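Residue numbers (this note's numbering): 775 to 1062.
Virtual Cβ for every residue (Gly too), placed ideally from N, Cα, C.
Fair warning: this is a prediction, and the values are worked out from it, not measured in the lab.
One structure is given here, and the rest of the page talks about it.
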């Protein structure tokens, strides 16, 4: 419990694990369903006290839907997928499953929450319009050096790219699962590299099958070594895959994330939407 949990007049702070049905899995997110009147400084302080990679702050919008802001322990980020999924499930538990409109700094994000046959709730977000751009060879070389990777550690079939779907990520594909599993990097150096290029995470991936990937996301700019499950990066990665092979990209992709942290999660990416938007879905559960 943080000091904000117990302070008189403090907002209710909820904790949910996104992209998992087990509170010990997925990515923990803080959730404030009514942030009316909270300043940015107060939101940042609450997020820092919670200590999760992100906390979502929702404020009912007079125009309909919710104005949503996302804070890591160190800074505000324009969009966060796992906190979107977590907060939408928390909202649905109180007002019922359905469709919600999130107005974020990155743009409008529709979210739909449905109930599964097992009674669990599942949220699906539709990204803002994504875009994918070529990388600079010098940027890739610097990123590899900071990660401790060699050029031959990369999968040549999946070239590096910058990808955006609400937040900007550098996609790097490992040639082997073993390379992906060994993550030890220069925290301060990578944070500076990412800040200079407006990157929220690195999207490190390994392809297990045409439609199955294992992923990891270093997040030093948020004060976190690694994000356990990253919905914004999943959406960006979906756009990346579609951009590589528009005709041959799979309809849906499953991402396994968090296994190397002991917090396994599943993210499902749907590319069947009318281009260019991408849908990302997953479960979420309250953390006791």
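- Taken atom to atom, the span from the alpha-carbon of residue 986 to that of residue 784 is near 43 Å.
- The beta carbon of residue 1051 lies closer than 8 Å to those of 900, 901, 902, 903, 904 in the same chain, with the five residues before and after it left out.
- Taking 8 Å as the cut-off, the Cβ atoms of residue 1057 and residue 1029 do not count as close.
- The C-beta distance from residue 1062 to residue 797 rounds to 6 Å, short enough to meet the 8 Å contact threshold.
- In the DSSP assignment, the residues bridged to residue 872 are 887.
- Beta-bridge partners of residue 858 (DSSP): none assigned.
- Boundaries of the beta strand (DSSP E) harbouring residue 828: 828-834, taken from the DSSP string.
- Counting C-beta atoms within 10 angstroms of its own C-beta, residue 972 has fewer than 16 neighbours from the protein chains shown and is therefore classed as exposed.
- Annotation for residue 827: 801, 846, 993, 996, 998, 1001 place their beta carbon closer than 7 Å to its own, counting only its chain and skipping 5 residues before and after.
- In this structure, residue 945 keeps its C-beta atom at 8 Å or more from the C-beta atom of residue 1005.
- By the Cβ-count criterion, residue 935 is buried, with 16 or more other Cβ atoms from all chains shown falling within 10 Å of its own Cβ.
- Here the C-alpha atom of residue 812 lies approximately 47 Å from the C-alpha atom of residue 930.
- Distance from the CA atom of residue 889 to the CA atom of residue 870, rounded to whole angstroms, is 10 Å.
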